[in-house]
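Protein chains: 2
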Amino acid sequence: MRIKNTPVKYDFYFKNLIPGQSIDCVIIGYQNEELNILILNWKGTKVWSLPGGFIQLDEDMNTAAIRILNSRTGLRNIFLDQFYTFGANNRRNDDEVIQSLKIMNMNTSLAEWMKQRFISTGYFSLVDIEKCIPKPDILSEICDWKPISELPDLIFDHKQIVEKALEHIQKQINYLPILISLLPKKFTMKDLQKLVESILQKKLDRGNFQKKILKMQILNRHEKQMQGKAHKAPFLYSFHKKKYLDHLNKCIGFVYR
Amino acid sequence: MRIKNTPVKYDFYFKNLIPGQSIDCVIIGYQNEELNILILNWKGTKVWSLPGGFIQLDEDMNTAAIRILNSRTGLRNIFLDQFYTFGANNRRNDDEVIQSLKIMNMNTSLAEWMKQRFISTGYFSLVDIEKCIPKPDILSEICDWKPISELPDLIFDHKQIVEKALEHIQKQINYLPILISLLPKKFTMKDLQKLVESILQKKLDRGNFQKKILKMQILNRHEKQMQGKAHKAPFLYSFHKKKYLDHLNKCIGFVYR
DNA sequence: ACAAAAGTGTTTATAATACACCCATGA
DNA sequence: TCATGGGTGTATTATAAACACTTTTGT
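Top to bottom, those sequences are chains A and B. Just add 61 to the spot in the first sequence (first one is 1) and you have our numbering. Just add 61 to the spot in the second sequence (first one is 1) and you have our numbering.
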């Protein structure tokens, strides 16, 4: 799933941007029973960062976030929400910036731009990894999924941004369409349970989970899936989108806390 | 509770500020069985706005928010948290700004500053109204509490900012020290219930509320308070701060949803 | 036949809800 | 003595938690 970028010349593309204000995206997918996050490797360095970008002078901030998400993933109409704005004066370590920019042999005006103080608004997005085509940005040559248990060091305060985002979805699991966004169309009850467990970071009882979810009437049951495994084949399910969203709006308490 | 400002001359105090970035505060208090919000009236106009301000070049955004809160209320060590950043390109209506600045006879450089596009981060604060000494800012001459049911029109998107803040505390009542911040040291069970009801916007059963809260063991019971009313005198309570905060951290679900 | 995991059922404990009862108080 | 609201109790229902039983499948 690694995709290489073609060489670009750095131009003055940032002339049209709001200075001092950036966006960082925590793009979350679900794979191998674990949450994964999309991160970028800066050209010729060991620096990893979150996908991010800037806001155009006449652009809504939310629109900019959608644009950035789309340009890194190819996806449209994806769940995306703001969770926090990071405004500490020392959130970017200047040495880190200068060092990396030097390695990347960046032209002066872009380097100057990058050296500003930025206040950055964090957005998180929940995507189906299967549908996503990761694309590196102007600073990077690798754009790749990493499981949260194996994240490398990230530049600046990006690790904290990830942590804040994870905290946020944990608290919002009852209110936001988190589960429907992360699973493929059809899935087994076990898939759903593993996902919930990986978000809440705790084990749940299998029988009780199944009963609780079924009683909510938010799932459609489909044909059984033969897996060639030495046990009963599980049913496949899909979300009944309307009922699922109604449930969230009623804030009834979706799963566990 | 109205306080008039003395005349000030507008100076270049904003030279030291981050351009394009502002802070708006939704300062919430509890009075007459209703949530109240602190708002400002711009000099010589009918314009009402939230208390707000800007961030100094070398200042953390959170520090700026604390500074702004303190300068409007005189309070220190108050609960204050960020809830959303408002970045729509058209969130400020330019005509409104220009009109108001003209009426206020503002000098050119301040007017120019005010006409920028601002991305504004919303903070909310929960205060004991009794302890608060509202002070108008440089643009205003009145700084006053208004119950949320009787808010006047607010400038720009400030009404939406208030709504988002209220939504936020509703969702966070189980996680944030909302109740302890809004009530005076000692209060009756009825006071507490009315506060919770005014946040959740629904009626709760008196007997069940009392039992549920008492079972949590987060209150200290004090002497009864004789009110001169034609019925039994109620107990006074105060929060057992540690137990209350522990309860919130455990996210057990504090009251109702 | 067996192990493994699915689907469902049973039991017990805990919590939510509705509302009933008695008590203290001032008019 | 009466209306009012405070404090507490009880009965009913709903939900959570632990775990047991049966079924289906491939080896």
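For glycine and all other residues, C-beta sits at the position ideal for the given N, C-alpha and C.
Stretch pair the stretch 90-98 of chain B + the stretch 199-206 of chain B: three plus CB contacts closer than 8 Å: These segments touch.
Alpha-carbon to alpha-carbon, F217 of chain A and Q160 of chain A: Cα to Cα, Q160 of chain A sits roughly 13 Å from F217 of chain A.
Near-chain A residues of the stretch 140-158 of chain B (beta-carbon distance less than 7 Å), N- to C-terminal order: Against chain A - using a Cβ distance shorter than 7 Å - the residues of the stretch 140-158 of chain B are Q143, Y145, T146, G148, A149, N150.
Whole-angstrom distance between N97 of chain B and L136 of chain B, CA atom to CA atom: So the two alpha carbons sit approximately 17 Å from each other.
Closer than 9 Å at the beta carbon, the chain A residues around Y236 of chain B: Ordered by position in chain A, the residues that pass the 9 Å Cβ test against Y236 of chain B are K232.
Proximal residues to E258 of chain B (C-beta, below 7 Å), its chain only, five neighbours per side dropped: Here the set comprises K264, L265.
Contact set between I222 of chain B and chain A, taken where Cβ atoms lie within less than 7 Å: Chain A residues near I222 of chain B: none, gap ~14 Å exceeds 7 Å.
C-beta atoms of Q117 of chain B and N151 of chain B nearer than 7 Å: A distance of 7 Å or more separates the beta carbons of Q117 of chain B and N151 of chain B.
Within-7 Å CB hit, Q177 of chain A to chain B: No, its Cβ sits nowhere closer than 7 Å to a Cβ of chain B.
Amino acids of chain B, ordered along the chain, whose beta-carbon sits closer than 7 Å to that of E120 of chain A: Those within 7 Å of E120 of chain A in chain B are N150.
Whole-angstrom C-beta distance between G183 of chain A and F147 of chain A, which should lie under 8 Å: That belief holds up - the Cβ atoms of F147 of chain A and G183 of chain A are roughly 6 Å apart, short of 8 Å.
Cβ of S259 of chain B within 7 Å of any chain A Cβ: Chain A, which has no Cβ nearer than 7 Å to the Cβ of S259 of chain B, makes this no.
Rounded separation between K247 of chain A and K107 of chain A - CA only: Whole-angstrom Cα-Cα distance: 38 Å.
S242 of chain B beta carbon less than 7 Å from that of L187 of chain B: Contact annotation: L187 of chain B and S242 of chain B have beta-carbon atoms nearer than 7 Å.
Test: I180 of chain A CB closer than 7 Å to a CB of chain B: Interface residue, yes.
Proximal residues, the stretch 89-123 of chain A versus chain B, C-beta separation under 8 Å: So the list reads I116, L118, D119, E120, D121, M122, N123, given in the order they occur along the chain.
Beta carbon of P213 of chain A nearer than 7 Å to that of W109 of chain A: Cβ atoms of P213 of chain A and W109 of chain A: closer than 7 Å.
Whole-angstrom distance between I180 of chain A and C86 of chain A, CA atom to CA atom: One alpha carbon belongs to C86 of chain A, the other to I180 of chain A, and they sit about 14 Å apart.
Short CB-CB distance (under 7 Å) between Q82 of chain A and chain B: So yes, Q82 of chain A belongs to the interface.
Through-space distance from M165 of chain A to E224 of chain A, alpha-carbon basis: Here the C-alpha atom of E224 of chain A lies approximately 28 Å from the C-alpha atom of M165 of chain A.
Contacts of I79 of chain B in chain A (Cβ-Cβ under 7 Å): Within 7 Å Cβ-Cβ: G81.
Residue from A:K273, A:L215, A:K290 with nearest C-alpha to W103 of chain A: Out of A:K273, A:L215, A:K290, A:L215 has the C-alpha closest to the C-alpha of W103 of chain A.
Option in A:L240, A:P245, A:R267 with minimal Cα separation from K251 of chain A: Residue A:R267 is the option with its Cα nearest to K251 of chain A.
Exposed unless 16 or more other CB atoms sit within 10 angstroms - verdict on N168 of chain A: N168 of chain A counts as exposed, since fewer than 16 other beta carbons sit within 10 angstroms of its beta carbon.
Per-residue DSSP class, three states only, for D218 of chain B: Looking at D218 of chain B - three-state DSSP - the assignment turns out to be coil, as it is neither helix nor strand.
Short Cβ contact (7 Å threshold) for Q177 of chain A with G81 of chain A: Yes, the Cβ-Cβ distance between Q177 of chain A and G81 of chain A is below 7 Å.
Beta-carbon spacing of F144 of chain B, F115 of chain B below 7 Å: With respect to F115 of chain B, F144 of chain B sits apart: the two C-beta atoms are not nearer than 7 Å.
Closer than 7 Å to chain B by CB, G135 of chain A: With respect to chain B, the C-beta atom of G135 of chain A has no partner C-beta closer than 7 Å.
Q12 of chain A - DSSP class collapsed to helix/strand/coil: Since the displayed chain A opens at 62 and closes at 318, residue 12 of chain A lies outside it and no answer follows.
Bridge partners - V87 of chain A, DSSP secondary structure assignment: When DSSP reads this structure, V87 of chain A sits in a beta bridge with A:F185.
Y305 of chain A - DSSP class collapsed to helix/strand/coil: Helix, per DSSP.
Among A:H219, A:I274, A:T249, the one whose alpha carbon lies nearest that of E284 of chain A: Of the candidates A:H219, A:I274, A:T249, the residue whose Cα lies closest to the Cα of E284 of chain A is A:T249.
Minimum C-alpha distance to K303 of chain B - residue among B:Q286, B:A291, B:Q288, B:M277: Ranking the options by Cα distance to K303 of chain B, first place goes to B:M277.
Bridge partners - G114 of chain B, DSSP secondary structure assignment: According to DSSP, which records beta bridges pairwise, G114 of chain B is partnered with B:I84.
Endpoints, beta strand (DSSP E) assigned at T146 of chain A: First-last of the beta strand (DSSP E) with T146 of chain A: 140-147.
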